[in-house]
Amino acid sequence: MRIVLTKYMETNRANISFGRSIYINLGEQVVTQVLEEMKAARQTVAFTSFQLPEHPLEISDMTRLVELARSYEVDLIPDIAHKDLTKENIAALKKAGLSYLRLDEFGDEAFIERCGKAFTLVVNASTFTHREYKLLERLGFAKKIIACHNYYPKVYSGISLSKFATINQNLHAFGVKVLAFIPGDEPLRGPLHEGLPTVETHRTLDTRLAICELIKAHTDMILVGDTFINESTQKVMKEFQEGFVSLKAEAPVELTGKVLRDRIDASDFVYRILGTRGWALLGGEISTTTRTVGEINQANSQYGRYQGEIEIAKVELPQDARQNVIGHLLPSEIAVFTALPEGFGIQLEIE
83 MRIVLTKYME TNRANISFGR SIYINLGEQV VTQVLEEMKA ARQTVAFTSF QLPEHPLEIS
143 DMTRLVELAR SYEVDLIPDI AHKDLTKENI AALKKAGLSY LRLDEFGDEA FIERCGKAFT
203 LVVNASTFTH REYKLLERLG FAKKIIACHN YYPKVYSGIS LSKFATINQN LHAFGVKVLA
263 FIPGDEPLRG PLHEGLPTVE THRTLDTRLA ICELIKAHTD MILVGDTFIN ESTQKVMKEF
323 QEGFVSLKAE APVELTGKVL RDRIDASDFV YRILGTRGWA LLGGEISTTT RTVGEINQAN
383 SQYGRYQGEI EIAKVELPQD ARQNVIGHLL PSEIAVFTAL PEGFGIQLEI E
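Be aware that the sequence shown starts at 83, since it is given in our numbering, and climbs by one per residue.
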């Protein structure tokens, strides 16, 4: 056994991977636009569906999309009807560069074996059973599979966050990585145009909060179910990939323009900003009332060797004359701040 020591107060840095969704019926121009955005954002996985009742596809359409995605160094995870997975079509897709295949439903053993020998199998996380896992284990594929949840176009049909977390914990117990969906931005994908989340409450939730909840519920990669995202969402995803989130605040300028990080031994009560102990005092007034969630405090001279250290209240705390009140997060940011997964930094933005 090898023991690795962590330096005192070293940050527990975290991040999350993202992917997108592309659909051939939107046309090559739109697909190419998304792939270009993905390449710029260093995203390498995209979901697609080849089961489009309103837009029947030939195998040549499927291989063309696979080849186009690969030209942007993007791997597709396609949902394909069983009838289209003939031996000839499997060979054509593999030749085009397809590496992953999502199995929405299991077929017979011979079918699973044929697909598993050609591709990394992506099982339906939302419906995957222990019996199916044992089958894959017997065939020798269980250690290589990935699990991808459904997205739910129909409002109120998505799963709950608690159920989602339980499913993911069970999958992680088998060593299976988990992918899930958040909705995109306008124009949302038809025919319902109501977003494509895995978790129902994420359908209209702040994207940052949805991402935080998925991360804390044991998600390994987050895909955008709808095709389009705006610049704001692109910025949010980029920041999470880099391990931080921007929060709007009223705060001293000295706290802006940089990523602030909590200690690795994070407190449940305050976000202790690393590297601030010993800072010059940034003004403010001595705390005289209950400290609210999101209040930014700096230890004054009464705190002795802790003078200068800056912290943000994670919960409501009592008044403390050893602390100066130097700012606060805006009310719109509190839910995201309190949901922030451990290891993620913050960057304060002054409006």
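Glycine residues also receive a C-beta, built at the ideal position from the N, C-alpha and C atoms.
Inter-residue Cα distance where the pair is L412 and E119:
C-alpha separation (whole angstroms): 31 Å.
Coarse secondary structure for H410, derived from DSSP in three states:
Taken through DSSP and simplified to helix, strand or coil, H410 comes out as strand.
Output the distance between the C-alpha atoms of S142 and D347, rounded to the nearest integer angstrom.
One C-alpha to the other measures close to 54 Å.
Top-ranked residue by Cα proximity to A224, from V205, A128 and S181
Per the C-alpha coordinates, the member of V205, A128 and S181 positioned closest to A224 is V205.
For S99, which three-state DSSP category applies?
If DSSP states are grouped into helix, strand and coil, S99 belongs with the strands.
Return the CA-CA distance between E282 and G179, expressed in angstroms with no decimal places.
C-alpha separation (whole angstroms): 34 Å.
CA-to-CA distance, L329 to E415, given in whole angstroms
Taking the straight line joining both Cα atoms gives about 6 Å.
Among A421, N250 and D161, the one whose alpha carbon lies nearest that of Y353
With distances taken between CA atoms, Y353 lies nearest to A421 out of A421, N250 and D161.
Please tell me whether R276 and P334 are closer than 8 Å, where the distance is taken between their beta carbons.
One detail in the question is off: residue 276 reads as Glu in this sequence, not Arg. In this structure, P334 does not lie closer than 8 Å to E276 by Cβ.
Integer-rounded CB distance, given that L183 should sit under 8 Å from L203:
So it is a contact: roughly 6 Å between Cβ atoms.
Given 8 Å, three or more beta-carbon pairs between the stretch 187-203 and the stretch 244-251
Segments in contact, no.
Quick check: what's the CA-CA separation for L139 versus R146?
If you take the alpha carbons of L139 and R146, they lie about 11 Å apart.
Just to check my reading of the structure: E367 and V407 have Cβ atoms closer than 8 Å, yes? What is that Cβ distance to the nearest angstrom?
Indeed, because the Cβ distance is near 6 Å, the residues count as touching under 8 Å.
Thinking C-beta only, is A403 closer than 8 Å to G390?
Cβ distance not < 8 Å, so G390 and A403 don't count as in contact.
Taking only runs of the beta strand (DSSP E) that begin and end inside the stretch 185-266, which ones reach a length of at least 3 residues, in chain order?
Segments of the beta strand (DSSP E) lying fully in the stretch 185-266: 202-206, 228-230 and 259-264.
On a CA-only basis, which of G189, V327, R213 and R345 is nearest L430? Give me that one, please.
Selected option, being the one with the closest Cα: V327.
Quick check on Y90: does DSSP put it in helix, strand or coil?
Legend: pLDDT at Y90 = 43, less than 50; position of this residue unreliable, value from coordinates given subsequently. Here Y90 sits in coil by DSSP.
Quick one: Cα of D166 to Cα of F322, how far?
The straight-line gap from Cα to Cα measures roughly 37 Å.
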